[in-house]
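My numbering puts the first residue of the sequence shown at 6, with every later residue one more than the last.
Using N, Cα and C, we set each Cβ at its ideal position, and we do this for glycine too.
Report on the structure given below.
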Amino acid sequence: GCLEIQGASLIDSNDANTAPLHKKTISSLSGAVESMMKKLEDVGVLVARILMPILFITAGWGKITGYAGTQQYMEAMGVPGFMLPLVILLEFGGGLAILFGFLTRTTVLFTAGFTLLTAFLFHSNFAEGVNSLMFMKNLTISGGFLLLAITGPGAYSIDRLLNKKW
Numbered sequence: 006g007c008l009e010i011q012g013a014s015l016i017d018s019n020d021a022n023t024a025p026l027h028k029k030t031i032s033s034l035s036g037a038v039e040s041m042m043k044k045l046e047d048v049g050v051l052v053a054r055i056l057m058p059i060l061f062i063t064a065g066w067g068k069i070t071g072y073a074g075t076q077q078y079m080e081a082m083g084v085p086g087f088m089l090p091l092v093i094l095l096e097f098g099g100g101l102a103i104l105f106g107f108l109t110r111t112t113v114l115f116t117a118g119f120t121l122l123t124a125f126l127f128h129s130n131f132a133e134g135v136n137s138l139m140f141m142k143n144l145t146i147s148g149g150f151l152l153l154a155i156t157g158p159g160a161y162s163i164d165r166l167l168n169k170k171w
């Protein structure tokens, strides 16, 4: 039995109609949450596509407007300055592509790889306190991008309008 007092069960767990209340409640709640999440899935993916690239769009714009300084910083960190246009394309252009859901899966895979690479190139000196936080931030962002690669861009995207699975 479920609850026993001196050997006598208050609820006969062999009877399906008297299954423990907590099991029914958890099952019902789980089903309700699952149903609600399914209805909100495309909206949730849209919100993720709006929030995730904000950092990349603003960082890319900062590199465009501060090109010379960014190039010097990259070179000081051992990254050839001639790669800056590719970085800008990925951050600014890729960020906009993710925002609008265009070439989403391909773009987020490149962006996830880029984010992991920058974690190791620019944030792996853990002797500097902020670097461990930045490193973990990059890992987290990469995980979000990989999840977006799996789920796809959702209904509210250019990819969906074009009926593509990029």
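DSSP, reduced to helix, strand and coil, places Asn-168 outside both helices and strands of the structure shown, so it counts as coil.
In the displayed model, Gly-86 falls within a helix according to three-state DSSP. Straight-line measurement puts the Cα of Ala-81 at about 30 angstroms from the Cα of Thr-111.
Residue range 109-127 is occupied by the alpha helix (DSSP H) that includes Gly-118. Between the alpha carbons of Val-92 and Ser-32 lies a gap of roughly 48 angstroms. If the five residues before and after Met-88 are omitted, its C-beta is found closer than 8 angstroms to the C-beta atoms of Met-79, all from its own chain and listed in chain order.
Assignment of Met-57 by DSSP, reduced to helix, strand and coil, places it in the coil class.
Taking 8 angstroms as the cut-off, the beta carbon of Phe-125 is found no closer than this to the beta carbon of Gly-99. For Phe-105, the uninterrupted alpha helix (DSSP H) run begins and ends at 99-105, by DSSP.
In this structure, His-128 lies away from Phe-119, with their beta-carbon atoms at least 8 angstroms apart. Contact between Gly-83 and Gln-76 does not hold, since the beta-carbon distance rounds to 13 angstroms and is not under 8 angstroms.
Rounded to whole angstroms, the gap between the alpha carbons of Arg-165 and Ile-69 is 30 angstroms. Of the candidates Met-42, Leu-153, Lys-28, Leu-153 places its Cα closest to the Cα of Phe-107.
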